[in-house]
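Chemist: One structure, pasted below without further comment.
2 protein chains.
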Amino acid sequence: MRYELYYWPSIQGRGEFVRLALEEGKAHYVNVARQSGTGEMMRLTEGAGLKTVPYAPPFLKAGKLVIGQSANILLYLGARHGLAPKPEAGKLWVHQLQLTIADFVKEIDDTHHPVAASLYYEDQKPEAKRYAEHFLRDRVPKYLGYFERVIKASGGPFLNGKKLTYADLSLFQLVEGLRYAFPQAAKRVEKKVPRCVDVRDRVAARPRIKAYLKSKRRIAFNESGIFRRYEELDA
Amino acid sequence: MRYELYYWPSIQGRGEFVRLALEEGKAHYVNVARQSGTGEMMRLTEGAGLKTVPYAPPFLKAGKLVIGQSANILLYLGARHGLAPKPEAGKLWVHQLQLTIADFVKEIDDTHHPVAASLYYEDQKPEAKRYAEHFLRDRVPKYLGYFERVIKASGGPFLNGKKLTYADLSLFQLVEGLRYAFPQAAKRVEKKVPRCVDVRDRVAARPRIKAYLKSKRRIAFNESGIFRRYEELDA
């Protein structure tokens, strides 16, 4: 099947968690808005007669299905592309990890937009500074420490044990993004989570991911996405 | 099966979305921490030799499974208790709605804790005031307006059409919670989302939910939960 991925064309954002799975899973897909603009994407989020109208991008067209919410898209793709266990218990567990990753992603996004997504960063800088201090001191070690414990309890080297899942691809993206946005803080915390860093390295070394990261399909991190490098926040 | 629900004993919180499904779904369950304290819950979140250690409550013990993340628990319970479609397309769609509800819940939680969950509300009041203004003006109408469109597109009266799902139970909880926390703002916005209010009324009138709401099992809203009544935020 040829999937259509709908997401903002100039950022990695939440779409990237889906893209990494599509790439590693050898899926045939097209980034619709990067190829033909955001018109059709906007039309679909506005309804367009669709019963399963998505609240926001990313969403994936898979035949007749239109699936929104990145973790939900990964739930759908997982077993189909060898990126999640097929038995229910394993499927739920990997999805649970992805939902915790999604919670973390939202908190990362809030580092530069703690008051409102509709305001510019420049209009919420004092709040962002205060938020980011707590975030880097408490939340990053808590989330990454959790994933570290999960890898350990699984027997490793991945979150679910011997076999890579889409949650590992997302953990790679988290480590990469934190390195980009908060280089100082990332350096500190990574010392305490060697297993997470090892997952990052293993994912980066996979042939399909390696090729993807070098390709033009990988958009560079930038200050319109989730992970933004604002020096003043990296304390 | 006798389920064990683990959640903080004195708040509705995220556990309530699960409880409403257990109640409506005629499930046999016990609120572990309300009966025997939080000891076992803390032990499980700290690992306790568990491979699928949850990041945080709520989590559900279902036989050998330990399932975390409220939307994931509902995904598991849905089809088993007649609260979600069994075919994959419908299952994914109702789950997608639940994930959007979970995003909304996080934003509601942030109205009183926009800087850090680890700080008291009293230590982030100016930020909370500013956050809540944007939240009530932009986000509440956007989320509820979305659910209103979904109900309409489904043919109604519920989010997924003729049959109630766990997402409707959660929408009930959202409307109830907004009424509690932001009575002024809720009055304003409800005029624009009659279908959401109708879902709330239909859920409230269901015999099992009605009995539950009157029982001692339903914890009252209070200022330790997600929905908190702070008059200064309800503008």
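Listed in order, the protein sequences are those of chains A and B. Letter by letter, the first sequence follows residues 1 to 235 of my numbering. Letter by letter, the second sequence follows residues 1001 to 1235 of my numbering. Quick reminder that beta carbons are idealized off the backbone N, C-alpha and C, glycines included.
Let me check one thing: in DSSP terms, what residues is A:G68 bridge-paired to?
Modeler: To locate residue 68 of chain A, count along the first sequence from 1; it is residue 68. Paired residue(s): A:F59.
Chemist: Could you tell me which chain B residues have their CB closer than 7 Å to the CB of A:W93, listed as they occur along the chain?
Modeler: Start at 1 with the first residue of the first sequence, and residue 93 of chain A comes out as number 93. Ordered by position in chain B, the residues that pass the 7 Å Cβ test against A:W93 are T1052.
Chemist: Can you name the residues that DSSP bridges to A:E190?
Modeler: In the first sequence, the residue the question calls residue 190 of chain A occupies position 190. None; A:E190 has no bridge partner.
Chemist: Just to confirm my understanding: we take B:H1028, look at its own chain, exclude 5 residues before and 5 after, and list those with CB closer than 6 Å. What are they?
Modeler: Locating residue 1028 of chain B in the second sequence gives position 28, counting from the first residue. Here the set comprises R1002.
Chemist: Is the number of C-beta pairs between the region 1096–1114 of chain B and the region 1064–1078 of chain B that are closer than 8 Å three or more?
Modeler: These segments touch.
Chemist: Determine the DSSP secondary structure at A:E4, reduced to helix, strand or coil.
Modeler: The residue given as residue 4 of chain A occupies position 4 in the first sequence. The answer is strand: DSSP assigns A:E4 an E or B state.
Chemist: Which residue comes first and which comes last in the alpha helix (DSSP H) that contains B:Y1120?
Modeler: Along the second sequence, one-based indexing puts residue 1120 of chain B at 120. Run containing B:Y1120: none; DSSP gives neither H nor E here.
Chemist: Around the Cβ of B:D1110, are there at least 16 other Cβ atoms within 10 angstroms (buried) or fewer (exposed)?
Modeler: Your numbering for residue 1110 of chain B matches position 110 in the second sequence. With 16 or more other Cβ atoms within 10 Å, it is buried.
Chemist: May I ask which residues mark the beginning and end of the beta strand (DSSP E) holding A:Y230?
Modeler: One-based indexing of the first sequence puts residue 230 of chain A at position 230. First-last for A:Y230: undefined, no H or E at that position.
Chemist: Which runs of the alpha helix (DSSP H) fall wholly inside the region 1006–1037 of chain B and span at least 4 residues, in chain order?
Modeler: Within the region 1006–1037 of chain B, the complete alpha helix (DSSP H) runs of at least 4 residues are 1015–1024, 1032–1036.
Chemist: Alpha carbon to alpha carbon, how far is B:Q1096 from A:P57?
Modeler: On the second sequence, residue 1096 of chain B is found 96 positions in, with the first residue counted as 1. On the first sequence, residue 57 of chain A is found 57 positions in, with the first residue counted as 1. Each residue's alpha carbon lies about 12 Å from the other.
Chemist: Run through chain A and tell me which residues come within less than 7 Å of B:A1089, C-beta to C-beta.
Modeler: Along the second sequence, one-based indexing puts residue 1089 of chain B at 89. Going along chain A in sequence order, the residues near B:A1089 (Cβ under 7 Å) are L65.
Chemist: Alpha helix (DSSP H) containing B:E1176: first to last residue?
Modeler: Within the second sequence, residue 1176 of chain B is the residue found at index 176, counting from 1. Start and end: 1166–1181.
Chemist: Can you give me, in chain order, the residues of the region 1134–1161 of chain B that have a beta carbon less than 7 Å from any beta carbon in chain E?
Modeler: Looking for chain E here will not work: the only protein chains present are A and B.
Chemist: Can you name the residues of chain B whose CB is closer than 7 Å to the CB of A:L99?
Modeler: Within the first sequence, the letter at position 99 stands for residue 99 of chain A. Chain B residues near A:L99: Q1069, A1071, N1072.
Chemist: Would you check if there are 3 or more beta carbon pairs closer than 8 Å linking the region 1184–1193 of chain B to the region 1212–1229 of chain B?
Modeler: Taking 8 Å as the limit for Cβ pairs, the verdict is that the region 1212–1229 of chain B does not touch the region 1184–1193 of chain B.
Chemist: Indicate whether B:K1023 and B:Y1212 have their beta-carbon atoms separated by less than 8 Å.
Modeler: Within the second sequence, numbered from 1, the residue matching residue 1023 of chain B stands at position 23. Within the second sequence, numbered from 1, the residue matching residue 1212 of chain B stands at position 212. Per the sequence shown, the amino acid found at residue 1023 of chain B is Glu instead of Lys. Yes, Cβ-Cβ distance for B:E1023 and B:Y1212 is below 8 Å.
Chemist: So what does A:F104 bridge to, in DSSP terms?
Modeler: Counted from its first residue, the first sequence places residue 104 of chain A at position 104. In the DSSP output, where bridge partners are listed per residue, A:F104 has none listed.
Chemist: Tell me the rounded alpha-carbon separation between B:K1091 and B:L1083.
Modeler: Walking along the second sequence from the start, residue 1091 of chain B turns up at place 91. Walking along the second sequence from the start, residue 1083 of chain B turns up at place 83. So the alpha carbons of these two residues sit roughly 10 Å apart.
Chemist: Using the beta-carbon of each residue, which ones in chain B are nearer than 8 Å to A:S118?
Modeler: For the purposes of this step, residue 118 of chain A is taken as the residue at position 118 of the first sequence. Under the 8 Å cutoff, chain B gives H1134, D1138.
Chemist: Check B:G1145 in the structure and name its three-state DSSP category.
Modeler: Here residue 1145 of chain B refers to the residue found at position 145 when the second sequence is read from its first residue. B:G1145: helix per DSSP, three-state reduction.
Chemist: Among the candidates B:V1115, B:I1108, B:V1094, B:A1186, whose CA atom is the shortest distance from the CA of B:G1161?
Modeler: The residue labelled residue 1161 of chain B in the question sits at position 161 within the second sequence. Here the closest residue by C-alpha is B:V1094.
Chemist: Can you check whether the CB of B:L1136 is closer than 8 Å to the CB of B:L1060?
Modeler: Counted from its first residue, the second sequence places residue 1060 of chain B at position 60. Counted from its first residue, the second sequence places residue 1136 of chain B at position 136. Their beta carbons are not under 8 Å apart, which means B:L1060 does not touch B:L1136 by this criterion.
Chemist: Excluding the 5 residues flanking B:Q1173 on each side, which residues of the same chain have their C-beta closer than 7 Å to its C-beta?
Modeler: The count along the second sequence starts at 1 and reaches residue 1173 of chain B at position 173. These residues qualify, in order along the chain: E1016, F1017, L1020.
Chemist: Tell whether a beta-carbon distance below 8 Å holds between A:V53 and B:R1139.
Modeler: To locate residue 53 of chain A, count along the first sequence from 1; it is residue 53. To locate residue 1139 of chain B, count along the second sequence from 1; it is residue 139. No, Cβ-Cβ distance for A:V53 and B:R1139 is not below 8 Å.
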